[in-house]
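Under the UniProt record's numbering, the residues of the sequence shown are numbered 1 to 59, in order. Think of the CB as a built atom: it goes at the ideal place given N, C-alpha and C, for glycine as much as any other residue. All figures in this text were calculated on a predicted structure; none of them were measured in a lab.
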Amino acid sequence: LSAGMKEELERIDFVWNASQYKWDHIVLPSLQRFYEVHRHSDIPRDFIVPTGDDSWPRS
1 LSAGMKEELE RIDFVWNASQ YKWDHIVLPS LQRFYEVHRH SDIPRDFIVP TGDDSWPRS
């Protein structure tokens with residue numbers, strides 16, 4: 001990509017690393033929220049984020 005193209009993408013907050021973005025904006029905040037609610041981080045395999053609760057991060 002040219003420098004100009006890269007600058008244009010940077011201006012619109014283009015995600016260069018999807019895995020890092022998912023970790024930063026979904027996985028870690030979700031784990032933090034689970035801990036706030038349950039006071040532990042041993043998340044059961046069958047755990048489902050409650051519907052209608054806007055305090056949980058969404059993808």
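Within 8 Å, strictly: CB atoms of residue i and residue j
| i | j | result |
| --- | --- | --- |
| P50 | H25 | no |
| L31 | S19 | no |
| V15 | Y21 | yes |
Enclosing alpha helix (DSSP H) for residue i [first to last residue]
| i | result |
| --- | --- |
| H38 | L28 to H38 |
| S55 | No alpha helix (DSSP H) contains S55, which DSSP labels as neither H nor E. |
| S19 | A18 to K22 |
| R11 | A3 to R11 |
Nearest-angstrom beta carbon gap, residue j and residue i [assumed within contact, 8 Å]
| i | j | result |
| --- | --- | --- |
| I43 | F34 | 6 Å |
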